[in-house]
Amino acid sequence: MVELQLEDEEHALLLLSTLPDSWETLVVSFSNSVLNNKLTMAVVTNTLFNEKARRKDIGNDQSYALVIEKWGRQQEDNHDRRGGRRQSRGRSTGGVIAIKLAHTGLKGTLQNLDFSSFQNLLRLDLKFNNLIGTIPNDIGIVCKLHLLNLSRNSFNGSLPLSLANLTKVYELDVSHNHLSGERPANIGNLSNLSLLNLKDNHLSGGLTVGIGPLSNLVTLDLSMNNLSGPLPHQIGDCSKLMYLSLSNDQFKGTIPNSIGNLLGLHRLLDLSYNSLGGEIPPQLGRLTSLENLNLSHNNLTGSIPNSLGNMVSLLDINLSHNCLEGHVPNTSVFQSAQPEAYGNNNAFCGNIEGPRPCIETEQKGKHSKET
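Take 252 as the starting number for the sequence shown in this note's numbering and just add one per residue.
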């Protein structure tokens, strides 16, 4: 892949005429004129369908990669004005394979973008812009897409069911928008997904369908929505997960024992700010690579399982605002945690700051009983 900053059309055409056949991809850079809020989806649409415009810098600001084109080399006779002889010149036959317009202040909607013209599109990155309206159902036509990032915009409406057609996509990020309605159950069709981020929307419904098949997930963030119902035990089938955040939703029921099967969890397990009840499953102690655990602001009861002392990689833990009680494990992360990590519970005891020390009878009684 070759990245170019094109100053004018003459230089662009001259360079394109001399590219060797082995160069199959080209990043065409455009001016970041959007710093002055000049770029709209109408301009982008016109540019993508105008081959000359795709090769011309439209301003003098710092350039920004707009599209990547795949150049299938096709011979075309052209007259060499300088030498009076004919020469071969390659031209684009493959079409756009990526559109990258992140952080450009892009305005407008996607309604007039003809997705059927981008059959070879692999990456669509429009994050951190000012796009509005709904996500068109036609987006499902782009069946070769590997990455779709529409995060940090102002999209509304529901997620189109046609997303299930993007069976090759490995990264889907529509976080920080105003999307509503139920999470499409058929999202489970996207079995190649390694990242699914729906954070900070208004999505509703449950997770009872469509999570288990996503066995390649590494990052799953469904936090800050209106998702409800129980956490499905099938979540334990996502064995490659390293980051799991289901916080700030309306989940009820108990924490599935199967979460203890997610042995690759490393960066985060966050189930905070829900309505989860019951006891903390001792199977969580198997997550020996986990660095951050947040179960705060739920309705959890009982004591902290002694098995959680096996979580030797923990750097931060928060169990506050529950109905927990009893002995705090004698491992470093529990002993060094700030008092706020245990605040607003029933009654903890142990050699930690804040709670009172455990007495002998308590340690042998219900407070030290392993769940």
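Cβ coordinates follow ideal geometry from the N, Cα and C atoms, glycine included. Predicted, not measured: the structure shown is a model, and the values here were computed from it.
* Those runs of the beta strand (DSSP E) which lie wholly inside the segment 416 to 487 and span at least 3 residues -> 422 to 424, 429 to 433, 446 to 448, 453 to 456, 470 to 472, 477 to 481
* How many Å lie between residue 609 and residue 498 at the Cα? -> Just so you know, the alpha carbons of residue 609 and residue 498 end up roughly 32 Å apart.
* Would you mind giving the Cβ-Cβ distance between residue 482 and residue 465, rounded to the nearest angstrom? I have them listed as a contact below 8 Å. => Wrong, their Cβ atoms sit about 14 Å apart, outside the cutoff.
* How about residue 478 and residue 502: do their beta carbons lie closer than 8 Å? -> yes
* To do: Please determine, among 347, 372, 385, the residue with the shortest C-alpha to C-alpha distance to residue 359.
  => 385
* To do: Please classify residue 598: is it buried, with 16 or more other beta-carbons within 10 angstroms of its beta-carbon, or exposed?
  => exposed
* Asked: Rounded to whole angstroms, how far is the Cβ of residue 471 from the Cβ of residue 505, which I believe are closer than 8 Å?
  -> Contact doesn't hold; Cβ gap of about 19 Å is too wide.
* Hey, could you find the ends of the beta strand (DSSP E) residue 406 is sitting in? => 405 to 408
* Asked: What are the partner residues of residue 551, as DSSP defines its beta bridges?
  -> 529
* Where do the N-terminal and C-terminal ends of the alpha helix (DSSP H) with residue 586 fall, by residue? -> 583 to 587
* Asked: Around the C-beta of residue 580, are 16 or more other C-beta atoms found within 10 angstroms, so that it is buried, or is it exposed?
  -> The Cβ neighbour count for residue 580, taken over all protein chains shown within 10 Å, is at least 16; the residue is labelled buried.
* Asked: For residue 424 versus residue 448, is the C-beta distance shorter than 8 Å?
  -> For the pair residue 424 and residue 448, the CB atoms are nearer than the 8 Å cut-off.
* **6 Å Cβ shell around residue 463 - same chain, five flanking residues per side excluded** => 485, 488
* Asked: Ordered along the chain, which non-local residues of its own chain (more than five positions away) have a Cβ less than 6 Å from that of residue 529?
  -> 505
* Asked: Around the Cβ of residue 376, are there at least 16 other Cβ atoms within 10 angstroms (buried) or fewer (exposed)?
  -> buried
* Asked: If residue 450 and residue 431 are in contact, beta carbons under 8 Å, what's the gap, nearest whole angstrom?
  -> Taking 8 Å as the upper bound for CB-CB distance, residue 450 and residue 431 are not in contact here, some 14 Å apart.
* To do: Using a threshold of 8 Å, state whether the C-beta atoms of residue 380 and residue 357 are closer than that.
  => yes
* **Inter-residue Cα distance where the pair is residue 227 and residue 558** => Because residue 227 is not part of the residues shown, which for the chain are 252 to 622, the question remains open.
* Asked: Under 8 Å, do residue 361 and residue 396 count as touching if we go by C-beta distance?
  -> no
* To do: Taking residue 569 as part of the beta strand (DSSP E), name the residues at either end of that continuous run.
  => 567 to 569
* Go ahead and pull the three-state DSSP assignment for residue 496. => strand
* Would you call the CB atoms of residue 409 and residue 378 closer than 8 Å? -> no
* Around the C-beta of residue 544, are 16 or more other C-beta atoms found within 10 angstroms, so that it is buried, or is it exposed? -> Label assigned to residue 544: buried.
* On a CA-only basis, which of 404, 392, 383 is nearest residue 353? Give me that one, please. => Selected option, being the one with the closest Cα: 404.
* **Residues near residue 534 by beta carbon distance below 6 Å, same chain, minus five either side** => 508, 511
* Between residue 537 and the rest of its own chain, which residues show a CB-CB distance below 7 Å, the 5 nearest in sequence each way excluded? -> So the list reads 511, 514, once near-sequence residues are dropped.
* Asked: Given that a residue counts as buried once 16 or more other Cβ atoms are within 10 Å of its Cβ, and exposed if not, what is residue 388?
  -> exposed
* Asked: Taking just the CA atoms, how far does residue 445 sit from residue 323?
  -> With a pLDDT of 37 at residue 323, under the threshold of 50, the modelled position of that residue is not reliable, and the figure given next carries that caveat. Each residue's Cα considered, the two are about 30 Å apart.
* Asked: Excluding sequence positions up to five away, which residues of its chain have a Cβ less than 6 Å from the Cβ of residue 473?
  -> 449, 497
* Between the C-alpha atoms of residue 524 and residue 531, what's the straight-line distance to the nearest angstrom? -> 15 Å
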